[in-house]
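Written below as structure tokens is the structure these notes are about.
Number of protein chains: 2
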Amino acid sequence: MGCILVSETRDMFHRGRFLLVQPIRRGHRSGMDAMILASCVPEGFSGRLADLGSGAGAAGFAVLSRCPRAYVTLVEHSHFMLSFAKKTLSHPANSRFFSRVGLVEADVTLRGKARNQAGLADNSFDFVIMNPPFNDITGCITPDREKAKAHFMCSGLMDAWLRTATAIVRPGGGLGLIARPASLREILSAIEGRFGGIKIVYIYPRYSLAAIRIILFGIRASRADLKVMPPLVLHERKGSAFLPRADAINNGQLSLWDAY
Amino acid sequence: MGCILVSETRDMFHRGRFLLVQPIRRGHRSGMDAMILASCVPEGFSGRLADLGSGAGAAGFAVLSRCPRAYVTLVEHSHFMLSFAKKTLSHPANSRFFSRVGLVEADVTLRGKARNQAGLADNSFDFVIMNPPFNDITGCITPDREKAKAHFMCSGLMDAWLRTATAIVRPGGGLGLIARPASLREILSAIEGRFGGIKIVYIYPRYSLAAIRIILFGIRASRADLKVMPPLVLHERKGSAFLPRADAINNGQLSLWDAY
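Just so you know, the protein sequences line up as chains Z and C, in that order.
Position 215 of the first sequence, counted from 1, bears residue number 214 in numbering that gives the first Met the number 0, the numbering being contiguous throughout.
Position 55 of the second sequence, counted from 1, bears residue number 54 in numbering that gives the first Met the number 0, the numbering being contiguous throughout.
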């Protein structure tokens with residue numbers, strides 16, 4: 000067997016309340032997107048949550064850190080990325096989470112029996128969070144005609160991820176998703192008839208700039224109206240400091256739904 | 000012939016730069032929605048614009064007031080409401096607009112030849128603005144099962160309005176639409192393949208409250224990505240005073256796209 004040397008970092012989140020082991024170069028590195036995604040789980044959440052496409056597990060661990068009665072299953076296709084989730088889980092700084100985490104190495108787009116056998120049983124979760132691979136998806140909806148086929152495939156990807164979420168979340172359970180604004184139509188189309196009571200939060204770097212992310216929250220089988228909730232603005236008009244609400248959300252001190 | 004006594008008001012807009020004659024009780028009364036809708040026409044716009052479902056003409060007159068090279072056709076099904084547009088047009092305070100306004104009494108949902116004969120020729124406008132009757136539409140997407148059929152009919156209404164906009168706007172021409180956030184999915188679905196380069200602006204009464212309106216801008220036959228532009232917030236955290244940007248937009252001093 001060969002030996003691959005991978006450089007890794009240990010990053011603290013939530014003001015030091017948990018630590019994440021991540022690869023330095025290969026694979027997606029987590030940051031604020033994961034923290035904001037985790038913040039869409041309501042305060043006081045209790046139950047089973049699946050982090051679909053968890054990568055090294057940043058969002059899932061952020062939920063564990065803020066919600067002491069949450070049990071989190073990290074679902075990740077990449078053996079490489081999941082190995083970092085394992086390192087994170089076994090790190091002494093995170094020992095209090097150990098009994099509340101499960102790891103599933105599986106492709107989120109698995110269907111039916113294959114999905115069940117991978118450990119994702121129907122109606123077995125109270126909440127699903129996901130950060131679909133949106134670089135692929137938004138790359139598809141450029142005006143480039145040669146990407147038409149890829150566009151179709153990518154829309155299919157969003158649909159496949161939401162199909163899995165729909166299958167594994169119990170009726171009345173929740174969904175939290177982070178994506179780019181350009182994916183709005185694909186998401187609303189794929190979510191129709193599956194999740195309702197949709198709440199959307201747009202994330203703006205500053206008050207005067209276009210939104211860079213969407214958080215979409217939904218309730219399985221709800222038929223309530225869609226609402227667009229107060230915007231989340233990250234920075235003041237000038238400078239790099241976070242606004243107080245963004246800072247509190249980034250550090251696990253507020254959910255996205257807390258009054259402010 | 001009988002005689003119906005209708006009480007009317009004369010309201011000043013744009014800090015007195017135009018006057019609108021409106022019925023006191025019957026019919027929709029215009030206000031800030033119409034001013035914000037008109038603000039989505041870019042600064043310096045020159046050409047023919049149709050205000051679909053114009054009512055007494057508030058949005059159309061607001062465009063005339065801010066854009067001196069705009070020619071505006073008010074399209075309204077209600078003879079009653081259009082009679083107020085005529086009074087507005089013939090009022091001495093608005094005399095400078097007279098040569099730039101046309102009135103069309105027609106149902107926006109007319110199709111093909113009937114629409115052309117009503118005065119709405121294909122590809123004949125550079126811009127369309129519309130405020131579809133969203134009370135009907137959002138009333139449909141409540142969880143009430145008995146409204147399922149009405150829901151379908153209402154989604155059809157949004158589609159019909161956008162079908163007319165698509166027919167009468169030249170390729171490269173613009174669309175501006177104001178609606179409630181709950182209509183987001185219906186709008187994006189009805190707009191697909193017709194208008195692209197979508198820019199959405201959400202309107203919040205305050206930073207801490209849910210959005211109450213969407214402005215959606217699009218370009219006929221464009222394939223550019225959807226963007227979510229900076230939010231428009233109307234009021235400070237407390238009090239009823241408008242924030243400076245909202246005040247300037249309400250008074251025709253800024254377009255919705257001007258830097259601020």
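Note that the Cβ used here is the ideal one computed from N, Cα and C, for glycine as well.
Just so we're clear, the structure is a prediction, and the values are computed from it rather than from any experiment.
Query, Result
"Mind checking whether the beta-carbon of Z/A33 lies closer than 7 angstroms to any heavy atom of the ligand ZN?", "No copy of the ligand ZN occurs in the structure displayed, which carries no ligand at all."
"Whose C-beta lies closer than 6 angstroms to the C-beta of C/H13 among residues of the same chain, with five residues either side of it excluded?", "S64, N250 and G251"
"Give me the Cβ distance between Z/L176 and Z/L215, rounded to the nearest whole Å; I'm assuming they're in contact under 8 angstroms.", "5 angstroms"
"Can you give me the C-alpha to C-alpha distance between Z/E75 and Z/K85, rounded to a whole angstrom?", "12 angstroms"
"At a Cβ cut of 8 angstroms, what residues of the stretch 171–193 of chain Z count as close to chain C, listed as they run along the chain?", "P180, A181, L183, R184, L187, S188 and E191"
"Within the 8 angstroms Cβ cut-off, does C/D125 reach chain Z?", "no"
"Nearest-angstrom Cα distance between C/A189 and C/W160?", "9 angstroms"
"If distances are taken between C-alpha atoms only, which option among C/I202, C/L48, C/A209 and C/A164 comes closest to C/R244?", "C/I202"
"Does Z/D158 have its Cβ less than 8 angstroms from a Cβ in chain C?", "no"
"Could you tell me which chain Z residues have their CB closer than 9 angstroms to the CB of C/A49, listed as they occur along the chain?", "Correct list: empty, because the minimum Cβ distance to chain Z is about 25 angstroms."
"Excluding sequence positions up to five away, which residues of its chain have a Cβ less than 6 angstroms from the Cβ of Z/D10?", "L19"
"Ignoring anything shorter than 3 residues or poking outside the stretch 211–244 of chain C, list the beta strand (DSSP E) runs there in chain order.", "212–219"
"Helix, strand or coil: how does DSSP classify C/T108 here?", "coil"
"Which residues, taken in chain order from the stretch 219–230 of chain C, show a beta carbon closer than 9 angstroms to some beta carbon of chain Z?", "S221, R222, A223, D224, L225, K226, V227, M228, P229 and P230"
"Of the residues that make up the stretch 205–218 of chain Z, which ones have a beta carbon closer than 7 angstroms to any beta carbon in chain C?", "Y206, S207, L208, A209 and A210"
"If you count every other CB in all the chains shown that lies within 10 Å of the CB of C/A258, and 16 or more means buried, which is it?", "exposed"
"According to DSSP, which residues form a beta bridge with C/G46?", "C/A69"
"Got a sec: is the Cβ-Cβ distance from C/Y259 to anything in chain Z below 8 angstroms?", "yes"
"If you compare alpha carbons, which of C/G217, C/R205 and C/M34 is closest to C/R169?", "C/G217"
"Going by DSSP, what residue range makes up the beta strand (DSSP E) through C/L18?", "F17 to P22"
"Can you name, in chain order, every residue of its own chain whose Cβ lies under 6 angstroms from the Cβ of C/M34, other than the five neighbours on each side?", "A61 and N249"
"Quick one: give me the first and last residue of the alpha helix (DSSP H) that C/L95 is part of.", "Per the sequence presented here, residue 95 of chain C reads as Arg, with Leu not at that position. C/R95 -> no alpha helix (DSSP H), and no H or E assigned at all."
"Less than 8 angstroms between the beta carbons of C/D72 and C/A49, yes or no?", "The residue you asked about is not Asp; residue 72 of chain C is Thr in the sequence shown. Yes. Within cutoff."
"Could you check whether the Cβ of Z/Y201 sits closer than 8 angstroms to any Cβ belonging to chain C?", "yes"
"I'd like to confirm the pairing. Which residues does DSSP put opposite Z/I35 in its beta bridges?", "The partner list for Z/I35 (beta bridge, DSSP) is empty, contrary to what the question assumes."
"Of the residues Z/V227, Z/G52 and Z/R219, which one's Cα is nearest the Cα of Z/V200?", "Z/V227"
"Give the single residue among Z/A223, Z/L231 and Z/K198 whose Cα lies nearest to the Cα of Z/A210.", "Z/L231"
"I need the straight-line Cα distance from Z/I23 to Z/P132, nearest angstrom please.", "19 angstroms"
"Quick one: is Z/A120 buried, meaning 16 or more other Cβ sit within 10 Å of its Cβ, or exposed?", "exposed"
"May I ask you to list the residues that DSSP assigns as paired with C/R184?", "Beta-bridge pairing links C/R184 to no other residue."
"List the residues that DSSP assigns as beta-bridge partners of C/T8.", "C/Q21"
"Provide the residue span of the alpha helix (DSSP H) that contains Z/A178, from first to last.", "Run containing Z/A178: none in the alpha helix (DSSP H); it sits in the beta strand (DSSP E), V168 to A178."
"Cβ of Z/I128 within 8 angstroms of Cβ of Z/A58?", "yes"
"Out of Z/E191, Z/H78, Z/R99 and Z/I197, state which residue places its alpha-carbon closest to the alpha-carbon of Z/A69.", "Z/R99"
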